[in-house]
Amino acid sequence: MSFLFGRAKSRPTADLGKQAREHISRLDGPNGPAKAEELARVLSQMKVMLQGTQEAESSPEQIYQLVTGLIDEDLLHLLAVNLYRLPFEARKDTQVIFSYVFRFRPAAAAPKSDPLALSYVVCNRPQVLVELCRAYDHKESATPAGSVLRELLKNEAAAAIILYDDENLPGSSSKGLNAIDRDRPQSGRGVFWRFFEWVDKSSFEVAADAFTTFRELLTRHKELVPQYLKVNFNLFFERYNNVLLQSKSYVTKRQSIKLLGEILLDRANYNVMIAYVESGEHLKICMNLLRDERKMVQYEGFHVFKVFVANPHKSIAVQKILIMNRDRLLNFLAHFLEDRTDDEQFIDEREFLIKQIRNLPPAPVPPPQR
Numbered sequence: 001m002s003f004l005f006g007r008a009k010s011r012p013t014a015d016l017g018k019q020a021r022e023h024i025s026r027l028d029g030p031n032g033p034a035k036a037e038e039l040a041r042v043l044s045q046m047k048v049m050l051q052g053t054q055e056a057e058s059s060p061e062q063i064y065q066l067v068t069g070l071i072d073e074d075l076l077h078l079l080a081v082n083l084y085r086l087p088f089e090a091r092k093d094t095q096v097i098f099s100y101v102f103r104f105r106p107a108a109a110a111p112k113s114d115p116l117a118l119s120y121v122v123c124n125r126p127q128v129l130v131e132l133c134r135a136y137d138h139k140e141s142a143t144p145a146g147s148v149l150r151e152l153l154k155n156e157a158a159a160a161i162i163l164y165d166d167e168n169l170p171g172s173s174s175k176g177l178n179a180i181d182r183d184r185p186q187s188g189r190g191v192f193w194r195f196f197e198w199v200d201k202s203s204f205e206v207a208a209d210a211f212t213t214f215r216e217l218l219t220r221h222k223e224l225v226p227q228y229l230k231v232n233f234n235l236f237f238e239r240y241n242n243v244l245l246q247s248k249s250y251v252t253k254r255q256s257i258k259l260l261g262e263i264l265l266d267r268a269n270y271n272v273m274i275a276y277v278e279s280g281e282h283l284k285i286c287m288n289l290l291r292d293e294r295k296m297v298q299y300e301g302f303h304v305f306k307v308f309v310a311n312p313h314k315s316i317a318v319q320k321i322l323i324m325n326r327d328r329l330l331n332f333l334a335h336f337l338e339d340r341t342d343d344e345q346f347i348d349e350r351e352f353l354i355k356q357i358r359n360l361p362p363a364p365v366p367p368p369q370r
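So the sequence shown is numbered by full-length UniProt numbering: it starts at 1 and just counts up by one.
This is the structure:
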């Protein structure tokens, strides 16, 4: 067996990328299933080359050759596009390959430089990241692609590529990181906006994975995301309110309300929060969540509602709604989630909101200057 392993290892590393590309190009032909199996064997060899074995460690020089070969053959893009078509074990191997390749730095690289393949993709082949997102179109590829995406999203440039994908419009990330115009409002047709559909309409497993990636996109990078939400405020919250907060899926609805609270209460999103809680329409949506028949939806909705009520600079529109409904709100909150007797923080916050609503003026007044 060691003899056979040695022969496989001696095969030129660059050949693996060429072989994989050849097999992928024939997946649609009459011998598609056979080519898929041959591709799976090549991917398995790549994984071994990257990981090494108990008998032999991986070679940095071979890894470098493999990574550059994958780039030269455009195999990262081809694997992302065709991930769902691969056999089960090959999809797992591809996940490992992506993870290793996107972490690899040549020995001569500066310690804080971006990995070679990641730097290439964000600058020259952003479609790789877009296609990894589109893997959520297929249940077979959702989990392996999602795992790779969340690892990549630790890098702000990778997150920007996904957020600013907008077909081939000027300022889109389709031409690479340096082409992005962060001040141009998005059309809503880029890959980021597909997450609303994937989270709301997919099977449970796909929706759960897509939501985890969606949350990572919106919470990790504290300069990138607030700027993005500021420029795309109306489009983003129109989708969020009408799709996720109205979802027929209990899990999606509950998680989306919780995420909304996290976004609004994050200090980095202060200006976004102020804009959100000035809207009377947003308050109406939130008040409807308090009346949901499911207690955990009510509870998560409460944490958004309290941001409106606790705001010392309430807009005229918000004041009108609260004052008009003052008596009903006071009666409602007095008995709201009464069974949470052990949750002292919730009880204190509920009492605080009751006091704030009770002390509202008889009629709306212009909010104080900030």
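From the three backbone atoms N, C-alpha and C, an ideal C-beta is built for every residue, glycine too.
Which stretch, first to last residue, makes up the alpha helix (DSSP H) that contains residue i?
i: Val42; result: Gly32 to Gln51
i: Trp193; result: Counting along the chain, Trp193 falls outside any alpha helix (DSSP H), and DSSP gives it neither H nor E.
i: His138; result: Looking at the DSSP string, His138 is not in any alpha helix (DSSP H), and its letter there is neither H nor E.
i: Ala310; result: Lys295 to Ala310
i: Gln369; result: No alpha helix (DSSP H) contains Gln369, which DSSP labels as neither H nor E.
i: Leu333; result: Arg326 to Ala334
i: Asp348; result: Glu344 to Arg358
i: Leu66; result: Pro60 to Asp72
i: Glu205; result: Phe204 to Thr219
i: Pro226; result: Leu224 to Val231
i: Ala108; result: Note, Ala108: premise wrong, no alpha helix (DSSP H); not H, not E.
i: Leu116; result: Leu116 to Asn124
If we ignore side chains and look at the alpha-carbon of each, how far apart do residue i and residue j end up?
i: Glu278; j: Asp209; result: 32 Å
i: Ala117; j: Val42; result: 20 Å
i: Ala20; j: Gln246; result: 44 Å
i: Pro330; j: Glu262; result: Looking at the sequence shown, residue 330 is not Pro but Leu. Spanning the two alpha carbons is a distance of roughly 26 Å.
i: Gly17; j: Gly188; result: 36 Å
i: Asn271; j: Asp93; result: 43 Å
i: Gly32; j: Asp181; result: 42 Å
i: Gly190; j: Pro362; result: 46 Å
i: Tyr136; j: Gly146; result: 8 Å
i: Arg7; j: Gln65; result: Confidence at Arg7 is low in this model, with a pLDDT of 40, below 50, so the placement of that residue should be treated as unreliable; the coordinate-derived value is given next. Arg7 and Gln65: Cα-Cα distance of roughly 18 Å.
i: Lys295; j: Pro126; result: 43 Å
i: Asp15; j: Leu76; result: 15 Å
i: Arg26; j: Trp198; result: 29 Å
i: Ile97; j: Gln369; result: 55 Å
i: Ile347; j: Leu83; result: 49 Å
i: Met1; j: Leu169; result: Confidence is the limiting factor: at Met1 the pLDDT is only 38, short of 50, which leaves the residue's position unreliable, though a coordinate-based value still follows. Each residue's Cα considered, the two are about 55 Å apart.
i: Pro364; j: Lys306; result: 19 Å
i: Lys355; j: Tyr228; result: 36 Å
i: Leu244; j: Ile323; result: 28 Å
i: Val101; j: Asn241; result: 38 Å
i: residue 372; j: Arg194; result: In the structure as shown, the chain starts at 1 and stops at 370, and residue 372 therefore has no counterpart that could be examined.
i: Phe5; j: Gln186; result: With a pLDDT of 39 at Phe5, under the threshold of 50, the modelled position of that residue is not reliable, and the figure given next carries that caveat. Distance between the alpha carbons of Phe5 and Gln186 is about 52 Å.
i: Pro366; j: Leu360; result: 13 Å
i: Phe332; j: Phe236; result: 31 Å
i: Phe192; j: Leu218; result: 11 Å
i: Leu265; j: Ala110; result: 37 Å
i: Phe196; j: Ile257; result: 14 Å
i: Met46; j: Gly69; result: 11 Å
i: Gln345; j: Pro144; result: 39 Å
Throw me the rounded Cβ distance for the residue i and residue j pair, which I believe falls under 8 Å.
i: Lys248; j: Ser203; result: Wrong, their Cβ atoms sit about 14 Å apart, outside the cutoff.
i: Leu177; j: Ile161; result: 6 Å
i: Asp183; j: Val231; result: 6 Å
i: Glu205; j: Ala142; result: 7 Å
i: Ile321; j: Leu260; result: Not really, about 18 Å apart at Cβ, beyond 8 Å.
i: Phe308; j: Thr252; result: Not a contact, Cβ separation roughly 23 Å.
i: Arg150; j: Glu55; result: 32 Å between Cβ atoms; not a contact.
i: Ile357; j: Arg326; result: 6 Å
Can you check which of these residues, the options, is closest to residue i by C-alpha distance?
i: Arg254; options: Asp339, Tyr299, Pro226 and Asn234; result: Tyr299
i: Cys133; options: Glu349, Lys284, Leu79 and Val365; result: Leu79
i: Ser99; options: Gln51, Lys112, Glu131 and Glu73; result: Gln51
i: Ala158; options: Leu244, Ala268, Ser25 and Glu131; result: Glu131
i: Val304; options: His313, His335 and Leu353; result: Leu353
i: Asp165; options: Phe332, Ala179 and Glu89; result: Ala179
i: Leu39; options: Leu86, Met49, Ile257 and Ala207; result: Leu86
i: Gly301; options: Arg267, Phe336, Ala317 and Ser315; result: Phe336
i: Ser173; options: Glu73, Cys123, Pro367 and Trp193; result: Cys123
i: Thr213; options: Lys154, Ser44, Phe233 and Arg239; result: Lys154
i: Val48; options: Glu22, Thr13, Glu37 and Arg291; result: Thr13
i: Glu22; options: Glu73, Pro30, Asp343 and Ile63; result: Glu73
i: Glu281; options: Ser256, Glu238 and Glu293; result: Glu238
i: Val121; options: Arg103, Asn269, Pro111 and Ala107; result: Arg103
i: Val148; options: Ser113, Arg91 and Pro111; result: Arg91
i: Ala334; options: Arg340, Arg350 and Thr68; result: Arg350
i: Met273; options: Ser58, Asn288, Glu37 and Phe233; result: Phe233
i: Ala317; options: Gly29, Glu223 and Ala275; result: Ala275
i: Lys222; options: Glu344, Glu156, Glu57 and Arg291; result: Glu156
i: Tyr250; options: Asn311, Arg105, Ile285 and Asp292; result: Asp292
Report yes if the C-beta of residue i is less than 7 Å from at least one heavy atom of the ligand PLP; otherwise report no.
i: Val121; result: Among the ligands in the structure shown, none appear at all, so the ligand PLP cannot be discussed.
| request: Please specify which runs of the alpha helix (DSSP H), each continuous and at least 4 residues long, are wholly inside the segment 74 to 103, giving them in chain order. | output: As summarised for the segment 74 to 103, the continuous alpha helix (DSSP H) elements at least 4 residues long and confined to that stretch are 75 to 82 and 88 to 103, given in chain order.
| said: Threshold first: 4 residues or longer. Then list the alpha helix (DSSP H) segments lying entirely within the segment 132 to 182, N to C. | reply: Runs of the alpha helix (DSSP H) inside the segment 132 to 182: 139 to 152 and 156 to 163.
| 4-residue-minimum alpha helix (DSSP H) runs that sit fully inside the segment 236 to 293, ordered along the chain | The segment 236 to 293 contains these whole alpha helix (DSSP H) runs: 250 to 265, 270 to 277 and 280 to 290.
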